[in-house]
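A.B. asks:
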Amino acid sequence: MKRLDEHGQMILIAGFIIGIGIVVLTVMLNNIIYASNTASESSIETNVFDYSNVVDTTIEAYEKAYANSGQPYNDTAFNAYMADYSERMVKSYSLSGFIFTLDTGPMQDAYFTENGLADGNDDWIVIERVNNTDSFLLDKLNKSILGNKSNKFVIEVNNQSGTIWSASVFNSNGTIALNVSNQSTIIGNYTSSNSTGFINITGNQIDGLPVTPFCFPDNVTGQKYSITFINGSQAMGTFCLKGNLTNGDPFYIERVEVVNSTIKLNKNDHLEINVTIPIILPRGHV
Amino acid sequence: MLPFKDDERAVSISVGFILTLSITLITMMVVISSFYTMMDRAEQTIMRDEFEIHGNDIALQLSNIDTAVQITKSAGGEVGSFDFKLLLPTEIAGQQYSMEISNQTKEIIFESHGKDATRVKVPYQVHEIEVTSVKLFSGSNDFVLHYDPASNMIEVY
């Protein structure tokens, strides 16, 4: 009888141990559930890649719209292309929760600044690592915008040792003046009496008429150089540059007009981006 | 009947009961208090984990804004506005907390009730822009990272 009583006590102790075990397990499980629930509250988003894609795609769309608008430039065709692009972008980005809005400003004449606007970067490198330049043209230089001699627009060709050729363009009493020099001497001083403001640097022409050579190829051939624009906000017009880079790749840069594009992105009302990007057209390729 | 002084049976039952009760109570108290300590530590651990998650989220969004500004500037454009609404909970592990952004140390500092055990510092990296130093307290669900193009700084409010 006494032994049986002791068995009962064993059951009691076993029950007590199991009880403690259940309490410990419950507390541990509770902690795990609590931790996993709270940790899952946060969500990390990376929207910068979407934004980067939107900017790149939009710039490319403008270039294609301009290229497809025909020669001479057809405003209706350009706007139709961009309206189509905008509609497609709205649809495709809506799938990932973005509201995409695109506003295209009017076409503007371009300054010779980096972004083509008057307040853009004045001094900038147009192209680097150039092996040879086949064609370098300036056109439609706007005399009323062109700075005077103390505020001139300068094209510099630099190699590792310094400037090997340069041209200063300025407004001299209502005419376009061009002073060209190389590393050591003045090559020539020119004026454009015609109002077209066309200068063919590689073809030695001003307003379509031949002039004393600017000696551009003579000074740059065989060199590895970069072409820099200084004081770009003091000149407005178009330019075109063609040639080859030191790695043999061809380059083609053309600036005719600039258009301000306003891109707006909104995601689930907690991300709002509103940017204005000037798009240089037709831009070309490097 | 045994004299009271010599009757050890009743005494042994009483003493045994009192001893058993005392031991059980002490054991229960120790176990419960250890559970509370464990819970408290778990709460702080969870809080730090949560703070790290939110801190990294904010650091990532700051870098995102910085990158977006860089992309826009390299394209020659200007950012008109850039707003990112942070979805931070009112309470983490049942406690309110503060978030501080330090411009000098370039860190996002989270803490709850000023306790060192809950403090988490998450570094952030920006190159093109700056971030205004600020200390905010939980309670409002809408914290906004706002890029101000005029000052080229991100304000958090």
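Here the protein sequences come in this chain order: G and U. -12 is the number of the first residue of the first sequence in the numbering used here; add one for each residue after it. 1478 is the number of the first residue of the second sequence in the numbering used here; add one for each residue after it. Think of the CB as a built atom: it goes at the ideal place given N, C-alpha and C, for glycine as much as any other residue. Here the structure is a predicted model, which is why all the values come from computation and not from measurement.
1. Following the continuous beta strand (DSSP E) through K1598 of chain U, name the residue where it begins and the one where it ends.
2. Applying the 10 Å Cβ sphere with the 16-neighbour rule, what's the burial state of H1590 of chain U?
3. Compute the Euclidean distance between the alpha carbons of F185 of chain G and V141 of chain G, then round it to the nearest angstrom.
4. Assign H1531 of chain U to one of three DSSP states: helix, strand, or coil.
5. Which value, in whole angstroms, describes the spacing of the CA atoms of V1633 of chain U and N160 of chain G?
6. Can you name the residues of chain U whose CB is closer than 8 Å to the CB of I46 of chain G?
7. In terms of DSSP beta bridges, what is G315 of chain G paired with?
8. Give the C-beta separation of G1556 of chain U and V262 of chain G to the nearest angstrom, bearing in mind that I take them to be a contact with Cβ-Cβ under 8 Å.
9. Look up V11 of chain G in the DSSP assignment and say whether it is helix, strand or coil.
10. For the pair the region 70 to 90 of chain G and the region 103 to 116 of chain G, tell me if three or more CB-CB distances fall below 8 Å.
11. What residue does the beta strand (DSSP E) around N119 of chain G start on, and which one ends it?
12. Rounded C-beta distance between I1569 of chain U and M1506 of chain U? I'm assuming under 8 Å.
13. Please state whether DSSP places M(-12) of chain G in a helix, a strand or coil.
14. Chain G beta carbons: is any one of them nearer than 9 Å to that of K1562 of chain U?
15. Considering only their Cβ atoms, is the gap separating F1620 of chain U from M1576 of chain U smaller than 9 Å?
16. Are the beta-carbon atoms of F1559 of chain U and I260 of chain G separated by less than 9 Å?
17. In angstroms, rounded to a whole number, what distance separates the CA positions of Y60 of chain G and T120 of chain G?
18. If we count the other Cβ atoms within 10 Å of its Cβ and call it buried at 16 or more, is P265 of chain G buried or exposed?
19. Taking buried to mean at least 16 other C-beta atoms within 10 Å of its own C-beta, is H272 of chain G buried or exposed?
20. Determine the closest residue to K139 of chain G out of G:I151, G:S213, G:V113, G:V167, with distance taken between C-alpha atoms.
21. Give the DSSP bridge partners of S1579 of chain U, in chain order.
22. F216 of chain G bridges to which residues according to DSSP?
23. Going by DSSP in three states, T1504 of chain U sits in which element: helix, strand or coil?
24. Examine the Cβ distances between the region 86 to 106 of chain G and the region 246 to 253 of chain G and report whether three or more of them are shorter than 8 Å.
25. How many Å lie between T1522 of chain U and T1595 of chain U at the Cα?
26. Whole angstroms are fine: how far does the CA of D256 of chain G sit from the CA of T233 of chain G?
27. Output needed for M(-12) of chain G: all residues of its chain with C-beta closer than 8 Å, excluding positions within five of it in sequence on either side, in chain order.
28. Counting only Cβ pairs nearer than 9 Å, list the residues of chain U close to I264 of chain G.
29. Please state whether DSSP places V156 of chain G in a helix, a strand or coil.
30. In angstroms, rounded to a whole number, what distance separates the CA positions of I174 of chain G and I1548 of chain U?
31. Tell me whether T1497 of chain U is buried or exposed, calling it buried when 16 or more other Cβ atoms sit within 10 Å of its Cβ.
32. Strictly under 9 Å for the Cβ-Cβ distance: is E101 of chain G near chain U by that measure?
33. Can we count S155 of chain G as close to the ligand GTP, meaning its CB is less than 8 Å from some heavy atom?
34. Would you decide whether K1592 of chain U is buried or exposed? Buried here means 16 or more other CB atoms lie within 10 Å of its CB.
35. Decide yes or no for the touch test of the region 38 to 54 of chain G against the region 200 to 216 of chain G: beta carbon pairs closer than 8 Å, at least 3 of them.
36. In this structure, what does DSSP give as the bridge partners for Y98 of chain G?
C.D. replies: Let's see:
1. One-based indexing of the second sequence puts residue 1598 of chain U at position 121. K1598 of chain U -> beta strand (DSSP E) spans 1597 to 1600.
2. The residue labelled residue 1590 of chain U in the question sits at position 113 within the second sequence. Exposed, since its Cβ has fewer than 16 Cβ neighbours within 10 Å.
3. Reading the first sequence from its first residue, position 198 is the one you call residue 185 of chain G. Reading the first sequence from its first residue, position 154 is the one you call residue 141 of chain G. Computed Cα separation, rounded: 16 Å.
4. By 1-based counting over the second sequence, the position of residue 1531 of chain U is 54. In the structure shown, H1531 of chain U sits in a helix (DSSP, three-state: H, G or I).
5. Looking up residue 1633 of chain U in the second sequence gives position 156. Looking up residue 160 of chain G in the first sequence gives position 173. Approximately 54 Å, taken between the alpha carbons.
6. Here residue 46 of chain G refers to the residue found at position 59 of the first sequence. Simply A1552.
7. Nothing can be reported for residue 315 of chain G: it is not among the residues displayed for chain G, which extend from -12 to 273.
8. Working through the second sequence from its first residue, we reach residue 1556 of chain U at position 79. Working through the first sequence from its first residue, we reach residue 262 of chain G at position 275. Per the sequence presented here, residue 1556 of chain U reads as Val, with Gly not at that position. The pair is a contact, with the Cβ atoms about 5 Å apart (cut-off 8 Å).
9. To locate residue 11 of chain G, count along the first sequence from 1; it is residue 24. If DSSP states are grouped into helix, strand and coil, V11 of chain G belongs with the helices.
10. no
11. Position 132 of the first sequence, counted from the first residue, corresponds to residue 119 of chain G. Looking at the DSSP string, the run of the beta strand (DSSP E) that includes N119 of chain G is 111 to 126.
12. For this step, residue 1569 of chain U is matched to residue 92 along the second sequence. For this step, residue 1506 of chain U is matched to residue 29 along the second sequence. Not confirmed; about 30 Å, so no contact.
13. As a position in the first sequence, residue -12 of chain G is number 1, starting the count at 1. Its pLDDT being 48, under 50, M(-12) of chain G is placed unreliably in this model, and the value from its coordinates should be taken loosely. It is coil, neither helix nor strand.
14. As a working mapping, residue 1562 of chain U is identified with position 85 in the second sequence. By this cut-off, K1562 of chain U is an interface position.
15. Against the second sequence, residue 1576 of chain U aligns to sequence position 99. Against the second sequence, residue 1620 of chain U aligns to sequence position 143. Cβ distance < 9 Å, so M1576 of chain U and F1620 of chain U count as in contact.
16. Position 82 of the second sequence, counted from the start, is the residue given in the question as residue 1559 of chain U. Position 273 of the first sequence, counted from the start, is the residue given in the question as residue 260 of chain G. Yes, the Cβ-Cβ distance between F1559 of chain U and I260 of chain G is below 9 Å.
17. In the first sequence, counting from the first residue as 1, residue 60 of chain G sits at position 73. In the first sequence, counting from the first residue as 1, residue 120 of chain G sits at position 133. Near 27 Å, if we compare the C-alpha coordinates of T120 of chain G and Y60 of chain G.
18. One-based indexing of the first sequence puts residue 265 of chain G at position 278. Buried.
19. Walking along the first sequence from the start, residue 272 of chain G turns up at place 285. Under this definition H272 of chain G is an exposed residue.
20. Mapped onto the first sequence, residue 139 of chain G falls at position 152. Nearest option by C-alpha distance: G:V167.
21. For the purposes of this step, residue 1579 of chain U is identified with residue 102 of the second sequence, where counting begins at 1. For S1579 of chain U, which the question treats as bridged, DSSP gives the partners U:E1584.
22. Taking the first residue of the first sequence as 1, we reach residue 216 of chain G at position 229. BP columns for F216 of chain G point to G:W111, G:I142.
23. Working through the second sequence from its first residue, we reach residue 1504 of chain U at position 27. It is helical.
24. yes
25. Taking the second sequence and counting its residues from 1, the one referred to as residue 1522 of chain U is at position 45. Taking the second sequence and counting its residues from 1, the one referred to as residue 1595 of chain U is at position 118. Roughly 8 Å separates the two Cα atoms.
26. As a working note, residue 233 of chain G is residue 246 in the first sequence. As a working note, residue 256 of chain G is residue 269 in the first sequence. Whole-angstrom Cα-Cα distance: 48 Å.
27. Position 1 of the first sequence, counted from the first residue, corresponds to residue -12 of chain G. Confidence at M(-12) of chain G is low in this model, with a pLDDT of 48, below 50, so its placement is unreliable and the value that follows should be read with caution. Excluding positions up to five away in sequence, the list is empty.
28. In the first sequence, counting from the first residue as 1, residue 264 of chain G sits at position 277. T1549, A1552, G1553, G1554, E1555, listed in chain order.
29. In the first sequence, counting from the first residue as 1, residue 156 of chain G sits at position 169. Three-state DSSP puts V156 of chain G in a strand.
30. Along the first sequence, read from residue 1 onward, the residue named residue 174 of chain G stands at position 187. Along the second sequence, read from residue 1 onward, the residue named residue 1548 of chain U stands at position 71. Rounded to the nearest angstrom, the two C-alpha atoms are 41 Å apart.
31. Taking the first residue of the second sequence as 1, we reach residue 1497 of chain U at position 20. Label assigned to T1497 of chain U: exposed.
32. Locating residue 101 of chain G in the first sequence gives position 114, counting from the first residue. Interface residue, yes.
33. Among the components of this structure there are no ligands whatsoever, and the ligand GTP is therefore not found.
34. Residue mapping note: residue 1592 of chain U aligns to position 115 of the second sequence, counting from 1. Looking at its Cβ environment, which holds fewer than 16 other Cβ atoms inside 10 Å, K1592 of chain U is exposed.
35. no
36. For the purposes of this step, residue 98 of chain G is identified with residue 111 of the first sequence, where counting begins at 1. Paired residue(s): G:M223.
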